[in-house]
Amino acid sequence: MGFILTIIMGGLIGWIAGMIMGTDIPGGKIGNIIAGLIGASIGGNLLGEMGPTIWGVSIIPALVGTILLIAIVSIVLQLMHKRR
């Protein structure tokens, strides 16, 4: 059950980060889940466990990590688009 809740939390974090950044995450709902999970890992490594934790996911580091991930992916996609 913990795995399913972590996936749901990753999707929510990815969706919230996408709303904050004002950009769509490629891949829709699955993209949100993947970005949220990877971003939570990045944020956890950078900031540790700080702030509130829901279903085993620290919200603040997960959100910060996901925002960083979305920003990097957006920059890379823009650079790739310009080269065409």
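Start counting the sequence shown at 56; every next residue gets the next number (my numbering).
All residues carry an ideal CB built from backbone N, CA and C; glycine is no exception.
Cα-Cα separation, residue i to residue j
{"i": "V119", "j": "H136", "result": "26 Å"}
{"i": "S113", "j": "T121", "result": "12 Å"}
{"i": "I59", "j": "G65", "result": "10 Å"}
{"i": "T108", "j": "L132", "result": "32 Å"}
{"i": "L101", "j": "I127", "result": "16 Å"}
{"i": "I134", "j": "G83", "result": "The question names Ile, but residue 134 in the sequence shown is Leu. When rounded, the distance between both Cα atoms is 21 Å."}
Residue i, DSSP secondary structure in three states
{"i": "T121", "result": "helix"}
{"i": "I115", "result": "helix"}
{"i": "T61", "result": "helix"}
Environment of residue i [buried if 16+ CB atoms lie within 10 Å]
{"i": "G98", "result": "buried"}
C-beta contact flag for residue i and residue j at 7 Å
{"i": "I93", "j": "M105", "result": "no"}
{"i": "I68", "j": "A117", "result": "yes"}
{"i": "I89", "j": "I62", "result": "no"}
{"i": "M125", "j": "A72", "result": "The sequence shown places Ile at residue 125, not Met. It is a contact, given that the beta carbons lie within the stated cut-off."}
Supposed contact pair residue j and residue i - C-beta distance, whole angstroms, cut 8 Å
{"i": "G57", "j": "G111", "result": "6 Å"}
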